[in-house]
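**Q**
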Amino acid sequence: MIDSNFISNLTMTNWRALLQWYFEHLNTSSLIQALQQGEAFSNHDWHTLMVLNINILILFCLIQLFIKVHKQSTFHVWLKEKRSLLNRRLRHPRQTKPEAKISSSSYLKQAYNLHRFAMYEPALEKYKLALQAAPHDLNTYLLGIKIISEMDEPNKKFIQFLLASIAKLRKKNPATWQEVVKFGHEKAPTLAQWQTTA
36 MIDSNFISNL TMTNWRALLQ WYFEHLNTSS LIQALQQGEA FSNHDWHTLM VLNINILILF
96 CLIQLFIKVH KQSTFHVWLK EKRSLLNRRL RHPRQTKPEA KISSSSYLKQ AYNLHRFAMY
156 EPALEKYKLA LQAAPHDLNT YLLGIKIISE MDEPNKKFIQ FLLASIAKLR KKNPATWQEV
216 VKFGHEKAPT LAQWQTTA
């Protein structure tokens with residue numbers, strides 16, 4: 036375990052001033068002169084070069100250590116927050132009810148938009164295409180029911196097609212069918228046909 040005082044000292048250190056002092060007091064003049072003139076290094080030059088390399092290496096190691104410790108501390112904080120959020124969700128699970136959404140499917144969007152302008156014939160054609168593309172998708176049926184519940188005047192063709200599709204769904208996907216019928220009772224309770232479908 037790394038001492039927290041050591042880490043705090045690292046963060047409080049004025050690295051710029053320290054490096055400036057280091058390079059001012061490190062006698063590199065003979066080393067630079069030997070490099071410029073192409074002379075062989077003396078023992079002092081080799082010693083200076085070795086000290087310079089070791090100190091730079093130590094500096095990089097300290098910086099890496101500081102970054103690693105800082106990342107670990109922030110990761111632990113993040114992990115603690117995630118755990119507490121997960122615990123809250125497990126203690127209080129949200130009760131999700133099926134809701135009709137205008138899906139990203141272009142056919143469903145077009146069908147819903149056409150219905151808003153009371154253009155039920157073309158809306159039905161687009162809805163049929165959406166149902167062909169996703170015959171077991173809950174949202175496709177929910178949106179069909181939503182369209183029926185919002186109609187100013189009931190469109191028999193649309194209603195008959197939707198009810199026939201829901202009847203087929205009962206055999207193919209009973210779980211989805213139950214959700215659809217439940218939603219239908221809530222959104223369009225006046226339709227007598229729901230009584231025969233349920």
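According to our numbering, the sequence shown is numbered sequentially starting from 36.
Don't be surprised by glycine CBs; every beta carbon is placed ideally from N, CA and C.
What you are looking at is a predicted structure, and each value in this text was computed from that prediction instead of being measured.
(1) What residue range does the alpha helix (DSSP H) around H150 cover?
(2) Please state the DSSP three-state secondary structure of L159.
(3) Short check: CB of L173 to CB of K161, under 8 Å?
(4) Using CA atoms only, rank isn't needed, just tell me which of P170, K207 and S141 is closest to A158.
(5) Only counting the same chain, and skipping five residues up and downstream in sequence, which positions put a Cβ closer than 6 Å to that of L197?
(6) If you reduce the DSSP assignment to three classes, tell me which class E214 lands in.
(7) With 8 Å set as the bound, which would you pick, yes or no: does the beta-carbon of Q145 sit closer than that to a beta-carbon of chain B?
(8) Give me the residue from N190, K191, V112 and W212 with the minimum Cα distance to P170.
(9) Taking only three categories from DSSP, how would you classify H171?
(10) By the 10 Å Cβ neighbour count, where 16 or more other Cβ atoms means buried, how is F152 classified, buried or exposed?
**A** With the given structure in hand:
(1) Unbroken alpha helix (DSSP H) run through H150: S141 to R151.
(2) Assigned with DSSP and collapsed to three states, L159 falls in helix.
(3) No, they are not a contact pair.
(4) The shortest CA-to-CA distance from A158 to any of P170, K207 and S141 is the one to S141.
(5) Within the same chain, L197 has close Cβ partners G179.
(6) In the three-state DSSP reduction, E214 falls in the helix class (H, G or I).
(7) Judged by its chain identifiers, the structure shown contains no chain B, having just a single protein chain.
(8) In terms of CA proximity to P170, W212 leads the group N190, K191, V112 and W212.
(9) Reduced to three states, the DSSP call for H171 is coil.
(10) Its Cβ having fewer than 16 others within 10 Å, F152 is exposed.
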